[in-house]
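Working notes for the structure below.
Protein chains in written order, with the numbering used here: chain A, 28 to 186; chain B, 846 to 1134.
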């Protein structure tokens, strides 16, 4: 197996690394780059959304992207959200309403929410539920998650 | 995960040359392939990643044909204004694939090549008599999508070949189209049964053309000639539509599996067929002048 080289942007910084090609973006984020916000919860089936990151502006499951497919792309993870220690409005809203229980699904939920608000800044509750339908919370706290996303959306300037 | 070599061509001609030379397996969005490889259900010594072949990602109108590139994502289909106005059933179907993360990566070509009898994009393409265009290093061929899909996981795609695009003619006149899917829950569900329909009415309000296609009820997605012929030449009254929907049971051969039983699928297929035919007929009536 020949190793491959990949150059991509991670939270605004360009990285180049070499890796075996049978590794996923999630494995590289966690093991090579020390970015452990994205989680593996379903064992790489794309079922749970805990590994959600934003790839070229779109929410994707990083467990379903081989590292070679990331070449030239821009990746955003939960670690890139709070510049200078200031929480992102979504993060503040999650804290404010207590939309966190065990926390394992939270980074993925927040990244999926961010991608949703980028495309649809003022979503209905149904849009929020649809946008987060790929993110499972096994503490089953969806009501507060939807509340938090709605609050973060309300804080954005109206278009 | 097992080991493999990973090749990333940058041009279409380079892709077909590499596929011809290596006999490698095509990787598109990876939403089906990667979990299969991780679970050792599929192995390929060489993967040919088509991420960089932007020219296979497009939705366009060419003469009276709609053409969709193989690397077009489900999300791009779900959001396409051109498809909303020409094949709303396909737009609805694309919006029911997995969740947004899956739709952002999964591609139309991958959904077809995977050849699942439950593939969401296939019923709406069959009701439009879609054609599939295949390329290899030496040239290309085009065939009806029904012919391309042979059985569960089996297609006519040959080693060295890739799916370029799918095309279909727009329906003309007073037409309507619809898609409905029944899963065990609303989000992230693989179809228990899925049905797509198209109806075209003549000036007197009688059905001049109709197609019905059903997923997850046979070894491939299938059309129902029995239901279609029960509608042709008739006004689509509730009685006529019900009779046509019941006739579809003769064209399907559902099995029992982890998602449902054969008996339930047969029942649900009839119910969904009636609903999509009613929906398509109502839309077609709205276009009658």
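Using N, Cα and C, we set each Cβ at its ideal position, and we do this for glycine too.
Values in this document were obtained by computation on a predicted structure and should not be read as measured data.
In the same chain as residue 936 (chain B), and ignoring 5 residues on each side of it, the C-beta atoms closer than 7 Å to its own belong to 922, 923, 925, 928 and 929, in chain order. By the Cβ neighbour-count rule, residue 851 (chain B) is buried, with 16 or more other Cβ atoms within 10 Å of its own. Identification of residues in the segment 107-130 of chain A having a C-beta nearer than 7 Å to some C-beta of chain B yields an empty set. C-alpha of residue 53 (chain A) to C-alpha of residue 78 (chain A): approximately 7 Å in a straight line. Distance from the CA atom of residue 1098 (chain B) to the CA atom of residue 1006 (chain B), rounded to whole angstroms, is 31 Å. Within chain B, the residues whose beta carbon sits less than 7 Å from that of residue 72 (chain A) are 880, listed in sequence order. Residue pairing of residue 138 (chain A) in beta bridges, as defined by DSSP: absent, with no partner found. C-alpha of residue 1046 (chain B) to C-alpha of residue 988 (chain B): approximately 28 Å in a straight line. Ranked by Cα distance from residue 167 (chain A), the options A:133, A:158 and A:151 are led by A:133. In this structure, the CA atom of residue 106 (chain A) is about 31 Å from the CA atom of residue 849 (chain B). Taking all protein chains in view, the Cβ of residue 41 (chain A) is surrounded by fewer than 16 other Cβ atoms within 10 Å, so the residue is classified as exposed. Against chain A, the CB of residue 851 (chain B) has a partner CB under 7 Å away; the residue lies at that interface. Under the 8 Å Cβ criterion, the segment 1089-1096 of chain B counts as touching the segment 1062-1076 of chain B, having at least three qualifying pairs.
Under the three-state reduction of DSSP, residue 1119 (chain B) is assigned to helix. Contacts with chain A (Cβ-Cβ distance below 8 Å) from the segment 940-952 of chain B involve 943, 944, 945, 946, 947, 949 and 950, listed in chain order. Leaving aside the five residues that flank residue 124 (chain A) on each side, the residues in its chain whose CB is nearer than 8 Å to its CB run, in chain order, 171, 174, 175 and 178. Taking a Cβ-Cβ threshold of 7 Å, none of the residues of chain A is close to residue 1095 (chain B); the smallest such distance is about 36 Å.
Listed by position along chain B, the residues whose Cβ is nearer than 8 Å to that of residue 48 (chain A) are 849, 850, 851 and 892. Contact check for residue 91 (chain A) against residue 917 (chain B) fails: the beta carbons are separated by 7 Å or more. For residue 89 (chain A), the closest Cβ of chain B is not nearer than 7 Å. Contact check between the segment 992-1004 of chain B and the segment 1014-1029 of chain B: fewer than three CB pairs, one atom from each, fall below 8 Å, which does not count as touching. Taking C-beta atoms under 8 Å as the contact rule, residue 1056 (chain B) and residue 972 (chain B) qualify, at a distance of about 4 Å. Along the length of the segment 902-970 of chain B, whole beta strand (DSSP E) runs at least 3 residues long occupy 904-907 and 910-914, reported in chain order.
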